[in-house]
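To start, the structure itself, in structure tokens.
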Amino acid sequence: MRHPDAADAALMTRRGWWLVILGWLIPGSAQVLAGGRRLGRFALGTTLAAWTLVAVGALGLLLWRDGTMNVLLNPFVLIVLAALLLGYGVLWIVLSIDTLRLVRLVKTKSPARFGIAALAIVLMVVTGGGVAYAVPRVVAASNALGSIFGASAPVVPPSDGYYNILLLGADSGDGRDSMRFDSISVVSVNAETGAVTITGIPRELGGAPFSEGSPMLSLYPDGFEGHADASCGWDDWMNHIRQAAEVCRDDQGVSLYPDAESQGSSPGVEATKDAAEGVTGLEIPYYAFIDMNGFASLIDALGGVDIDVVERLPEGGGPQYEGQPAEDWATGWIEVGQQHMDGETAQWYARSRYTTSDWDRMRRQRELQEAILAQFTPENVLTRFQEVAKAGTAIVETDIPQSLLPTFLDLAVLAKDQPMTSVELTPESELAVNQEDPDYDAIHAYLQGVLHPEESAQ
81 MRHPDAADAA LMTRRGWWLV ILGWLIPGSA QVLAGGRRLG RFALGTTLAA
131 WTLVAVGALG LLLWRDGTMN VLLNPFVLIV LAALLLGYGV LWIVLSIDTL
181 RLVRLVKTKS PARFGIAALA IVLMVVTGGG VAYAVPRVVA ASNALGSIFG
231 ASAPVVPPSD GYYNILLLGA DSGDGRDSMR FDSISVVSVN AETGAVTITG
281 IPRELGGAPF SEGSPMLSLY PDGFEGHADA SCGWDDWMNH IRQAAEVCRD
331 DQGVSLYPDA ESQGSSPGVE ATKDAAEGVT GLEIPYYAFI DMNGFASLID
381 ALGGVDIDVV ERLPEGGGPQ YEGQPAEDWA TGWIEVGQQH MDGETAQWYA
431 RSRYTTSDWD RMRRQRELQE AILAQFTPEN VLTRFQEVAK AGTAIVETDI
481 PQSLLPTFLD LAVLAKDQPM TSVELTPESE LAVNQEDPDY DAIHAYLQGV
531 LHPEESAQ
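Residue numbering for the sequence shown follows our numbering, beginning at 81 and increasing consecutively.
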């Protein structure tokens, strides 16, 4: 290999094929056999280190999956991994070019030299392309995880077999102080099966009780009363609780929830979380907030969503005066039938309310949530990862601990094979909830029956 008979074209051809293939499979081997040993030993050492890291990672995933996943999903570790990938990819390309030099193409048989050169170039493109594909996605994952999961609440075990998360939606376009939660729901994930139950809480639900231990309970022992104030909210509705706990207090609610900010939340969110616990009777340790102001970008990043529209809906800001026909102010229409919606259309579908009821709007928002979840398939996320990560970073906030990500990823895979259950706490639902005077004991009992049907059947 190192000192071949250059006059023997057949030998040089076989040698060329071996060097190119072996050099690609075991980077550095071609240099050790036929070139600079120092470069070859360095490359072989790097290759051995890379194989060792892969083997340790694979073994860790087999024997200690959650711990290994926590390490691999750490933003700093991902940045280091991206740097190592980039460095190893550059080294691999340098070695490929050097291997092509060692082959001495002019000494090989004329028909074969083009094949050897083509193979070397193809393998170099495969290597470089793989690195170019992987590195930006690893960096995007690091940025997304660091931004979304930068601060988090303490890890809490499943409550009664479920992880409960408060899902909030609002439009921050008018500023954080005036922002009221437009969509409020509780996502309950079965800790064993991954089955998801979404309980929709109307934003206009009145007099919500606060859970035991909540600092809001001492202020509103008989349920939320509202402030009868333009800034703090006229009514006792669920979506006015944030203003009462945060915006309308001199200390912005810090005295009520001193640890909220450091745990990735806010006093207004924590107060709404306590009210949701009182409404549903469920322990809700975490929240996730979606900013509807950038909601369309996430849907576009996912390639759109499929929705079966059952009623023609107008797009636009609404009537200028009471009784104005929708035909006069609508800027467009969402027609009846199966539709593949882009982000802007889906956003209007979720917001439209002037020709329908608030309850119907809640149903459409829940339908859209399910359609978005259906788009989070492995192949879709992998092919659109950078776009999805960028959009998610811009519009999603949560206090879910990063250490729970491996668990939730496993449950998300299981959830794909489970039906999603929706519960709406509205007058039009099976429970027929009175919005002005809800029977919260009845709501608690009903939800327990939905989440634990085997117990309620006994």
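Idealized CB from N, CA, C, for every residue including glycine.
Local Cβ density within 10 Å of residue i, reported as buried at 16 or more and exposed below that
| i | result |
| --- | --- |
| H83 | exposed |
| S265 | buried |
| K496 | exposed |
| E326 | buried |
| A123 | buried |
| I228 | buried |
| Q323 | buried |
| T457 | exposed |
| V134 | exposed |
| F194 | exposed |
| W131 | exposed |
| L248 | buried |
| Y526 | buried |
| T506 | buried |
| S294 | buried |
| G120 | buried |
| E292 | exposed |
| Y401 | exposed |
| T478 | buried |
| G96 | buried |
| A275 | buried |
| G423 | buried |
For residue i, the nearest candidate out of the options (CA to CA)
| i | options | result |
| --- | --- | --- |
| Q449 | L382, A474, Y213 | L382 |
| G125 | G108, A469, G348 | G108 |
| E504 | L180, E447, I379, K353 | E447 |
| D408 | D388, T435, Q418 | T435 |
| R464 | L171, G195, S176, A220 | A220 |
| W98 | S176, W131, A130 | S176 |
| Y242 | D251, A271, A90 | A271 |
| E415 | D388, A492, L378, A474 | D388 |
| Y280 | S432, S294, P405, D438 | Sequence inspection shows Gly at residue 280; the Tyr mentioned does not correspond to that position. Of the candidates S432, S294, P405, D438, the one whose C-alpha sits nearest the C-alpha of G280 is D438. |
| L199 | I101, T273, E459, R433 | I101 |
| G472 | L91, E292, G374, F488 | G374 |
| P394 | L484, E363, S432, N150 | S432 |
| L164 | L139, A129, A138, N154 | A129 |
| M318 | S239, R283, A469, S222 | R283 |
| V530 | V269, I452, L489, L225 | V269 |
| G116 | L494, T179, P237 | T179 |
| A212 | Y168, Q111, Q528 | Y168 |
| L91 | A192, S345, I106 | A192 |
| D517 | D302, N223, G209 | D302 |
| P237 | A512, F488, S509, E510 | F488 |
Cβ distance (whole Å) where residue i is taken to contact residue j below 8 Å
| i | j | result |
| --- | --- | --- |
| L481 | V235 | One point to set straight first is that residue 481 is Pro, not Leu, in the sequence displayed. That belief holds up - the Cβ atoms of P481 and V235 are roughly 5 Å apart, short of 8 Å. |
| Y520 | P365 | The pair is not a contact, with the Cβ atoms about 20 Å apart (cut-off 8 Å). |
| R444 | Y429 | 6 Å |
| M372 | D251 | 4 Å |
| I173 | T207 | 6 Å |
| P347 | G333 | 3 Å |
| V385 | Q455 | 6 Å |
| Q515 | G286 | 6 Å |
| I523 | V359 | 7 Å |
| F304 | A355 | 6 Å |
| L171 | W104 | Contact doesn't hold; Cβ gap of about 13 Å is too wide. |
| I321 | A351 | 5 Å |
| L225 | L153 | 6 Å |
| A469 | N150 | In fact, because the Cβ distance is near 19 Å, the residues do not count as touching under 8 Å. |
| T273 | L494 | 6 Å |
| A233 | G344 | 7 Å |
| L453 | K353 | With 8 Å as the limit, L453 and K353 do not qualify as a contact, their Cβ atoms being about 22 Å apart. |
| S239 | E363 | 4 Å |
Residue i: CB within 8 Å of a non-hydrogen atom of the ligand ZN
| i | result |
| --- | --- |
| Y429 | This structure lacks the ligand ZN; in fact it carries no ligand of any kind. |
If we require 4 or more residues per run, which alpha helix (DSSP H) segments fall completely within the region 496-532? As for any alpha helix (DSSP H) of minimum length 4 sitting wholly inside the region 496-532, the runs are 520-531, ordered along the chain.
Which runs of the beta strand (DSSP E) at least 3 residues long sit entirely within the region 298-375? Give them in chain order. The qualifying runs are 366-371.
The region 141-149 contacting the region 200-219, beta-carbon criterion three pairs below 8 Å: Contact between the region 141-149 and the region 200-219 is absent: fewer than three C-beta pairs spanning the two stretches fall below 8 Å.
Sufficient close CB pairs (3 or more, under 8 Å) joining the region 187-200 to the region 157-164: By the C-beta criterion, the region 187-200 is judged not to be in contact with the region 157-164, since fewer than 3 inter-stretch pairs fall below 8 Å.
Quick check on the DSSP output: what are the complete alpha helix (DSSP H) runs of length 4 or more inside the region 151-211, in order along the chain? Within the region 151-211, the complete alpha helix (DSSP H) runs of at least 4 residues are 155-183.
Report yes or no: do the region 325-344 and the region 499-516 share at least 3 C-beta pairs separated by less than 8 Å? No: fewer than three Cβ pairs fall under 8 Å.
Residue ranges of each alpha helix (DSSP H) run of no fewer than 4 residues wholly in the region 412-486, ordered along the chain? The qualifying runs are 423-431, 438-455, 458-463, 465-475.
Would you mind listing the beta strand (DSSP E) stretches within the region 84-118 that are 3+ residues and don't spill past its ends, in chain order? You should have found no qualifying run.
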